[in-house]
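>
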Amino acid sequence: MIATSHQHVDAHGRLFNRIAAPYQWFFQSQVKYYTTAIAKLPIPLPIPPRSRVLDIGCGTGALAKTLQQMGHVVSGVDIAPRMAALAWRNGIDCIVGDVVKGLPFKDCEFDMVTCAFFIHGIPEAERSRALEEASRVSQHGLFIIDYNTSTSHPAWYVRSVEAIEGGDYIGFMRTGLSELQGAFHRVEIHEASKTTAFYLCSVPR
């Protein structure tokens, strides 16, 4: 039997439910990394102080915590209940949910939606649906931290980790940027490192 894309997403959620605890080991170092990286952005995030932010695929809440410490009001959503529970423990108002199947929020309920190393992990068709749903609930657009698609030869450890996690890393590296450019009014790319990039995606309102 060939797995459907929804089955792939569900399996991905089950995997991250199993490996949630080890992710907590890196929580503080992730917060430190995101804090430093965002501070180095050549332009500020296009949202006012104390904005409402939704972090999708939030995991243990490291990016959400970073934005919270910057003064924003941050909520999180993750498909893996154990990840969501860890985000709660880390001080993030988090729900269990699936952005692909739909979020329980009103249109434009948040000033911005964020995600870190999430969209490469789901198949292209589901990625399109996730971006559409994230755009629906965001007033100003998305701030995405993910792999740098301009890197032609990713590090071996990146390939190894992604093989274990079973995401769509190869597909994202091939078509991720064109998918983002097709889904949003404007996409600004800021290279954080050889392997990581920030994508500021705006939606017309």
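Residues 1 to 205 (the working numbering) make up the sequence shown, in order.
Think of the CB as a built atom: it goes at the ideal place given N, C-alpha and C, for glycine as much as any other residue.
A quick note: this is a predicted structure, and the numbers were derived from the prediction, not measured.
According to DSSP, Val187 sits in a beta bridge with which residue or residues?
The partner list for Val187 (beta bridge, DSSP) reads Cys201.
> Asn90 and Phe26 look like a contact to me (Cβ under 8 Å); what is the Cβ gap, rounded to whole Å?
Going by Cβ atoms, the distance from Asn90 to Phe26 rounds to 12 Å, so no, they are not a contact pair.
> Count the other CB atoms within 10 Å of the CB of Arg129; is the residue buried (16 or more) or exposed (fewer)?
Classification for Arg129: buried.
> What is the rounded straight-line gap between the Cα of Ile170 and the Cα of Asn148?
Each residue's Cα considered, the two are about 12 Å apart.
> Am I right that Gln68 and Phe110 are in contact with their C-beta atoms under 8 Å? What's the rounded C-beta distance?
Rounded, the Cβ-Cβ distance is 14 Å, inconsistent with contact.
> Rounded to whole angstroms, what is the Cα-Cα separation between Glu179 and Thr151?
In a straight line, the C-alpha of Glu179 is about 17 Å away from that of Thr151.
> What does DSSP give as the partner residue(s) for Gly141 in the beta ladder?
Ser202.
> Per DSSP, what kind of secondary structure is Gly71 in: helix, strand or coil?
In the structure shown, Gly71 sits in coil (DSSP, three-state: anything other than H, G, I, E or B).
> Only counting the same chain, and skipping five residues up and downstream in sequence, which positions put a Cβ closer than 7 Å to that of Cys58?
So the qualifying residues of the chain are Ala64, Gly76, Val77, Asp78, Ala87, Ile92 and Cys94.
> Does DSSP classify Val113 as helix, strand or coil?
Val113 falls in the strand class under three-state DSSP.
> Pick helix, strand or coil for Val100, following the three-state DSSP scheme.
Note: Val100 maps to coil in three-state DSSP.
> Excluding five sequence neighbours on each side, which residues of the same chain lie with their C-beta closer than 7 Å to the C-beta of Lys194?
For Lys194, where only same-chain residues beyond five positions count, the Cβ hits under 7 Å are Asn148 and Thr151.
> What three-state label does DSSP hand Thr196 in the structure shown?
Looking at Thr196 - three-state DSSP - the assignment turns out to be strand.
> Would Leu200 pass as a contact of Phe117 if the rule is Cβ separation under 7 Å?
Contact flag unset, no.
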